[in-house]
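Undergrad: Line order of the protein sequences matches chains A and B. Numbered by this note's numbering, the letters in the first sequence go through residues 2 to 136 in order. Numbered by this note's numbering, the letters in the second sequence go through residues 2 to 136 in order. Ideal placement from N, C-alpha and C gives every residue a C-beta, glycine not left out. Structure in structure tokens, see below.
Protein chains: 2
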Amino acid sequence: MISTKGRYALRVMIDLAGQDPHRPVPLKEIAERQQISKKYLEIIVKDLVRGGLIHGSSGKGGGYRLTRAPEEYGVREILELEEGSLAAVACLKDDAAPCPRQGECRTLPLWQEYDKLVKDFFDSKRLSDLLDSRT
Amino acid sequence: MISTKGRYALRVMIDLAGQDPHRPVPLKEIAERQQISKKYLEIIVKDLVRGGLIHGSSGKGGGYRLTRAPEEYGVREILELEEGSLAAVACLKDDAAPCPRQGECRTLPLWQEYDKLVKDFFDSKRLSDLLDSRT
DNA sequence: TATTTACCTACTATGTCAATAGGTAAATGA
DNA sequence: TCATTTACCTATTGACATAGTAGGTAAATA
């Protein structure tokens, strides 16, 4: 399951994409609009900053802004930044120990096919696809 | 992520499908072949029995057997029996409280599309697709 | 009737999730 | 210059899920 971190990260990104790209948006504002605890969002935006997906500026008049145009963000990279990995099963995670049953495993092809399905899906979805289309 | 329960359940079903359908297969045997703790497997086969996917018979000469032909099992129903639900996000679980943000949520369509993708995938995969094709 | 098998309830250690608490550092506007 | 606003940092917590274990009882058979 996609955790709150991943889902909230997506909402933060969508929120930022809906604001004037030249005005830094304070986290307080995002938290209020999205009805999410500001304290908790701090953890999430920290990851987004470290991943280079957004930029933060301190002090009065500071806040966050996107570093690219919304079309340039894939949903997958946003989710993976928070979830660590979208791998369906433990043995397909990047840091997984090599499985001793690999050669004989009858389920591995299933998980590999599923893994590709999921990753391709979230790669194909762009941040811009999630923006409000009304007016 | 798919947990060990779901993955082990699938391996139990595959194991049973590879055995003589008229001979009840003792759990001890499955545990040894699959290299999984018999004690832990007890929990899993209990669910499979309750779900009607396999049948158990007690006593000497007892064991487990499939209740249908391998083509008649969808991978989804096996996994859902152990995982509870394959829902991608909390708000799409069957027992989820109605989300107050539903009408305005910009991510809901994404999760719905993803949910359908996953469920359709595991519906389309049959137990028979996972059996060893060699010889 | 001893043995083998399924089936049952309870317990536990570990880790992850979803936050909260309580700060420091940086930038700005008055 | 200095109070205010903002980002940024480390640590802690309660609740829950995961991945098992422990120690039995009931049923069937050879």
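Between Gln103 (chain A) and Leu111 (chain A), is the Cβ-Cβ spacing less than 8 angstroms?
TA: no
Undergrad: Which ranges would you report for the beta strand (DSSP E) in the stretch 44-124 of chain A if only whole runs of at least 3 residues count?
TA: 55-58 and 64-67
Undergrad: When the Cα of Ile55 (chain A) is compared with those of A:Tyr74, A:Ser129, A:Asp124 and A:Lys40, which residue comes out closest?
TA: Ranking the options by Cα distance to Ile55 (chain A), first place goes to A:Tyr74.
Undergrad: So, Arg107 (chain A) versus Asp124 (chain B), is the Cβ gap smaller than 8 angstroms?
TA: No, the Cβ-Cβ distance between Arg107 (chain A) and Asp124 (chain B) is not below 8 angstroms.
Undergrad: Identify which residue in A:Leu80, A:Leu131 and A:Leu128 has its Cα closest to the Cα of Ile3 (chain A).
TA: A:Leu80
Undergrad: Does the CB of Ile79 (chain A) have a neighbour CB from chain B at under 8 angstroms?
TA: no
Undergrad: Would you please verify whether the beta carbon of Asp124 (chain A) is less than 8 angstroms from any beta carbon of chain B?
TA: Not one beta carbon of chain B lies nearer than 8 angstroms to the beta carbon of Asp124 (chain A).
Undergrad: I'd like the span of the alpha helix (DSSP H) that includes Asp16 (chain B), first residue to last.
TA: Thr5 to Ala18
Undergrad: Please confirm if the stretch 7-24 of chain A is in contact with the stretch 59-67 of chain A, defined as three or more CB-CB distances below 8 angstroms between the two stretches.
TA: Yes: the two stretches touch, three or more of their Cβ pairs being nearer than 8 angstroms.
Undergrad: How would you list, in chain order, the residues of chain A whose beta-carbon sits under 7 angstroms from the beta-carbon of Val90 (chain B)?
TA: For the C-beta of Val90 (chain B), the chain A residues within less than 7 angstroms are, from N- to C-terminus, Met2, Ile3 and Arg8.
Undergrad: Contact defined as beta carbons within less than 8 angstroms: I believe Leu67 (chain A) pairs with Val13 (chain A). What is the distance between those atoms, to the nearest angstrom?
TA: With 8 angstroms as the limit, Leu67 (chain A) and Val13 (chain A) do not qualify as a contact, their Cβ atoms being about 10 angstroms apart.
Undergrad: So, with DSSP's three-state summary, where would you put Arg34 (chain B)?
TA: Taken through DSSP and simplified to helix, strand or coil, Arg34 (chain B) comes out as helix.
Undergrad: Sorted by chain position, which residues of the same chain lie with C-beta nearer than 7 angstroms to Ile31 (chain A)'s C-beta, five sequence neighbours on each side aside?
TA: Within its own chain, the residues whose Cβ lies closer than 7 angstroms to the Cβ of Ile31 (chain A), once the five positions on either side in sequence are excluded, are Val13, Asp16 and Leu42, listed in chain order.
Undergrad: Could you tell me which of A:Gly52, A:Asp116, A:Gln35 and A:Ala10 sits nearest to Glu105 (chain B), measuring between CA atoms?
TA: A:Gln35
Undergrad: Give me the DSSP bridge partner(s) of Arg127 (chain A).
TA: A:Gly75
Undergrad: Tyr115 (chain B) touches chain A at which residues, Cβ-Cβ below 7 angstroms?
TA: Chain A residues near Tyr115 (chain B): Phe122.
Undergrad: When you compare only the Cα positions, how much space is there between Glu33 (chain A) and Leu11 (chain A)?
TA: Between Glu33 (chain A) and Leu11 (chain A), the C-alpha separation is close to 16 angstroms.
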